[in-house]
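Enquirer: I am attaching a structure below and will ask some questions about it afterwards.
Protein chains: 2
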Amino acid sequence: MSTIKKDYVRPLNVKTGRVDMNHGAGGRAATQLIEELFLPAFDNPFLRQGHDGAALPLPAAGRLVVATDAHVISPLFFPGGDIGCLSVHGTVNDVAMNGATPLYLSASFILEEGFPLADLKRIVDSMGAAAREAGVSIVTGDTKVVEKGKGDGVFISTTGVGVAAPGVDTSGANARPGDVILVSGTLGEHGVAVLSQRESLAFETAIVSDTAALHALVADMLAALPGREGDLHVLRDPTRGGLATTLNEIARQSGVGMLLWEADIPVLPQVDAACELLGLDPLYVANEGKLVAICAPEAADAVLAAMRAHPLGAHAARIGAVTEDPHRFVQMATKLGGRRVVDWLSGEQLPRIC
Amino acid sequence: MSTIKKDYVRPLNVKTGRVDMNHGAGGRAATQLIEELFLPAFDNPFLRQGHDGAALPLPAAGRLVVATDAHVISPLFFPGGDIGCLSVHGTVNDVAMNGATPLYLSASFILEEGFPLADLKRIVDSMGAAAREAGVSIVTGDTKVVEKGKGDGVFISTTGVGVAAPGVDTSGANARPGDVILVSGTLGEHGVAVLSQRESLAFETAIVSDTAALHALVADMLAALPGREGDLHVLRDPTRGGLATTLNEIARQSGVGMLLWEADIPVLPQVDAACELLGLDPLYVANEGKLVAICAPEAADAVLAAMRAHPLGAHAARIGAVTEDPHRFVQMATKLGGRRVVDWLSGEQLPRIC
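If you read the protein sequences in the order shown, they are chains A and B. The first sequence begins at 1 in UniProt numbering and counts up by one. The second sequence begins at 1 in UniProt numbering and counts up by one.
The structure is reproduced here in structure tokens:
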């Protein structure tokens, strides 16, 4: 007791060190992990409060929006991103799909014993960069460690808090017959990029994930409808299960049918080719930087123009219309002139794509 | 296309069924799991919005509080509770330790392929009951499935959103020399209950987890200080690492020392006995229904009386005082009249206790 208590004997070894059970035990090792690895990556005044939670300014008006996402993607690093930036984009997008401005994120980590600290640092730095780029603060978090063989490297659950302006309501139950269906760009890149990495497939043309934060695009779309934001009826990001599953969900919630025009659905040729090789339909493949918008017909031109003016909506397209249909079928007019039902994903699937 | 599309062929088999990869694929099986298992347990109008997130009324004034917790406890069921109610209590308490009223919870589930649906239902029902009892709504969620051997049954991350009244600031940096240290009851039950279940130990007197939501207790404590809520300087729940770790964290954040009186620290005799058998110190064992309060000396009587008047604070006690100490040591005057340093948990630990 005659010497000053040193907080840590050695700095964290982020070059060759590994996660051990002590990093999840709530003691000195856990604090060191937070202070030397998480805090520098996420740094913001709310996180520096150092409480079991963060106290934040309350938005002035509107509705509070809360969304959460568990991320278990495998592999952790893939062309165009990693689980870190994905865990920010995924939740920012869920908040944005409520027509809201994302403000704060929380992050909870479940680490597997033995996971390399260098990989963890790379993931956490990627999260921090994605959050800064999106203008949101990671304000609080939690870290747990499970024994080797009881997890899979790292799982990240993020929760986003945002605020939606009054008059904005983009729920999946709002689609009405006659509405126009828009997508913000080409479909299927994320799923194909992850799968090709997982299966060690090399395509001639590299396919990279489209992972991106969409809230600025959404803000531009709402700004294109001043005083009639309510004409933007539905917003959704077609992640797991792809466009087909998302549209079936909306059809079910709204009690409507849909008719898509296959020729107008944008898919990159290399994604089309890879899907053929892999036995996938791009309509069922996950996206992480695309949105579906359903709007009143009189709003469609303005919304589409706003989308195309944004870098993340440059290839936006009008792909179909909402129909009256008690069966709530999503149908597609094919390129060959036929018509087929685009059913829900049921048996087939791509596990751990996000 | 001549028949009405049935949403599900068969109802979910919650008796003998198991989680499979389809339940995490975002398609029909995932929707069925949500609609037949999660929605009935958590039912509330926000969750029924069915969006990727929830739009909620904004609190009128105060500060927004956000807290998150990953729950990886093993075993999933233990005397006095399970991972379901624990995941509600843990996060409600983190919000409450910010002096806030918890309003909303999000829940993200990472399920292991093959996990029995009957166990999942039991856990989810327990979460729903705990949320209702605490007066909070589980407003949004996410479910992912990982392959057998890549998880451990179920992990649950919950995030809580609450609101703190103006003037309330219970950060760990607020302890001042002269302040009084209070605990709300007996220590160590949660950790000992979980460990005894894990090691299949049977004690003569059953030890059950103290898992409970503490926000109503906190509200009563603040109500005992009308107009001077700021006299309640610090609130913390001593979970992982127990009282010793929590007090060391506060000492470090506030730049103070502490002196505890061992004789005044409440521990059940059976917990004391079990700790001796297991080679544990109850000061380092996790609690899930206890709090530490540090308050101005002139507020201590009122706060202690309010605690004792609440069922969850019936055994509240004054256990020590904050001291001036550049070394930020937590010391203890022992029952034998000596004095020892109560150090951080460093090597020893109880993994996966919450």
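Glycine is no exception: its CB is placed at the ideal position from the N, C-alpha and C atoms.
1) Within 10 Å of its beta-carbon, does R48(B) have 16 or more other beta-carbons around it, so buried, or fewer, so exposed?
2) Apart from the five residues on each side of it in sequence, which residues of its chain come closer than 6 angstroms, Cβ to Cβ, to R236(A)?
3) Assuming contact is defined by CB atoms lying nearer than 8 angstroms, are L86(A) and V139(A) in contact in what I supplied?
4) Alpha carbon to alpha carbon, what distance is there between F77(A) and P11(A)?
5) Please report the distance separating the alpha-carbon of G24(B) from that of G84(B).
6) Under 7 angstroms between beta-carbons, which chain A residues line up against P40(B)? List them in chain order, please.
7) With DSSP as the reference, label A97(A) as helix, strand or coil.
8) Tell me where the alpha helix (DSSP H) around residue 422(A) begins and ends.
9) Within the 8 angstroms Cβ cut-off, does F109(B) reach chain C?
10) Please state the DSSP three-state secondary structure of K15(A).
11) Residues in the region 238 to 257 of chain A with C-beta within 8 angstroms of chain B's C-beta atoms, listed in sequence order?
12) What does R339(B) pair with, by DSSP beta-bridge criteria?
13) Would the region 150 to 168 of chain A count as touching the region 287 to 305 of chain A if we require 3 or more Cβ pairs under 8 angstroms?
14) Nearest-angstrom Cα distance between K6(A) and A244(B)?
15) On a Cα-Cα basis, can you pick out the residue from K15(A), A129(A), T101(A), V146(A) that is closest to D43(A)?
16) Quick one: what's got a C-beta closer than 8 angstroms to K144(B)'s C-beta in the same chain, skipping five residues either side?
17) Do you know offhand how far M1(A)'s Cα is from I250(B)'s?
18) Taking 6 angstroms as the limit between beta carbons, can you name the residues of its chain near G191(B), skipping five residues before and five after?
19) Report all residues from its chain with a CB closer than 6 angstroms to the CB of V65(B); omit the five preceding and five following residues, and keep chain order.
20) At the level of alpha carbons, what is the spacing between S209(A) and R308(B)?
21) Nearest by alpha-carbon distance to L56(B): which of D179(A), P166(A), W261(A) is it?
22) What's the C-alpha gap between G185(B) and L259(B)?
23) Is residue 355(B) helix, strand or coil by DSSP?
24) Is it buried or exposed for G338(B), if we count other Cβ within 10 angstroms and need 16 for buried?
25) Among P311(A), A29(A), Q197(A), which one has its Cα closest to the Cα of S74(A)?
26) Using the C-alpha atoms, what's the distance from I319(B) back to D20(A)?
27) Let me know if P269(A) comes out buried or exposed under the rule of 16 or more other beta-carbons within 10 Å of its beta-carbon.
28) Where A317(B) and E229(B) are concerned, what is the direct C-alpha to C-alpha distance, given to the nearest angstrom?
29) If the cut is a Cβ gap below 9 angstroms, which residues of chain B does V72(A) touch?
30) Work out the CA separation of V72(A) and G26(B) for me, nearest whole Å.
31) How would you list, in chain order, the residues of chain A whose beta-carbon sits under 7 angstroms from the beta-carbon of G81(B)?
32) Whose C-alpha, out of D281(B), D264(B), A263(B), E262(B), is nearest the C-alpha of V271(B)?
33) For S184(B), which beta-bridge partners are listed by DSSP?
34) Since V136(B) and L103(B) should fall inside the 8 angstroms C-beta cutoff, what is the C-beta to C-beta distance between them, to a whole number of angstroms?
35) Identify which residue in E189(A), A274(A), E262(A), G141(A) has its Cα closest to the Cα of I34(A).
Expert: Reading from the atomic positions:
1) When all chains shown are included, R48(B) counts as exposed.
2) Leaving aside the five residues that flank R236(A) on each side, the residues in its chain whose CB is nearer than 6 angstroms to its CB run, in chain order, M97, T246, V292.
3) No, the Cβ-Cβ distance between L86(A) and V139(A) is not below 8 angstroms.
4) A direct Cα-Cα distance of roughly 26 angstroms separates P11(A) from F77(A).
5) Their backbone Cα atoms lie some 19 angstroms apart in a straight line.
6) Contacts between P40(B) and chain A, judged by CB atoms closer than 7 angstroms, are missing: the closest CB pair is about 18 angstroms apart.
7) The amino acid at residue 97(A) is misidentified as Ala; the sequence shows Met. In the three-state reduction of the DSSP assignment, M97(A) falls in the coil class.
8) As shown, chain A starts at 1 and ends at 354. That puts residue 422(A) outside it, with no answer to give.
9) The structure shown has no chain C; the protein chains it does contain are A and B.
10) Secondary structure at K15(A): coil, using DSSP grouped into helix, strand and coil.
11) Here the close residues are T239, R240, G241, T245, E249, R252, Q253.
12) Per the DSSP secondary-structure output, R339(B) pairs in a beta bridge with A333(B).
13) Verdict: no, contact absent.
14) Unreliable positioning characterises K6(A) in this predicted model, as indicated by a pLDDT of 49, which lies under 50. The coordinate reading is nonetheless provided below. Separation of K6(A) and A244(B) (C-alpha to C-alpha, rounded to the nearest whole angstrom) is 17 angstroms.
15) Of all alpha-carbon atoms in K15(A), A129(A), T101(A), V146(A), the one lying nearest the alpha-carbon of D43(A) is that of A129(A).
16) G24, S108, F109, I110, L111.
17) A caution first: M1(A) carries a pLDDT of 31, below 50, which makes its placement in the model unreliable, though a value can still be read off. Whole-angstrom Cα-Cα distance: 19 angstroms.
18) Here the set comprises V285, A286, L350, I353.
19) V95, N98, A100, G162, A164, listed in sequence order.
20) Near 57 angstroms, if we compare the C-alpha coordinates of R308(B) and S209(A).
21) With distances taken between Cα atoms, L56(B) lies closest to P166(A).
22) Roughly 18 angstroms between the two C-alpha positions.
23) Outside the modelled stretch of chain B, which goes from 1 to 354, sits residue 355(B), for which no answer is possible.
24) Taking all protein chains in view, the Cβ of G338(B) is surrounded by fewer than 16 other Cβ atoms within 10 Å, so the residue is classified as exposed.
25) The option with the nearest alpha carbon to S74(A) is Q197(A).
26) Roughly 33 angstroms between the two C-alpha positions.
27) Answer is exposed; the Cβ neighbour count stays below 16.
28) Their Cα atoms are separated by approximately 20 angstroms.
29) Think of a sphere of 9 angstroms around the beta carbon of V72(A): the chain B residues whose beta carbon falls inside it are G24, I110, K144, V145, V146, K150, G151, in chain order.
30) The straight-line gap from Cα to Cα measures roughly 13 angstroms.
31) Ordered by position in chain A, no residue passes the 7 angstroms Cβ test against G81(B), which lies about 17 angstroms from the chain.
32) Of the candidates D281(B), D264(B), A263(B), E262(B), D281(B) places its Cα closest to the Cα of V271(B).
33) None, per the DSSP bridge assignment.
34) Yes, V136(B) and L103(B) are in contact; Cβ-Cβ is about 6 angstroms, under 8 angstroms.
35) Closest in C-alpha terms to I34(A), from the list E189(A), A274(A), E262(A), G141(A), comes G141(A).
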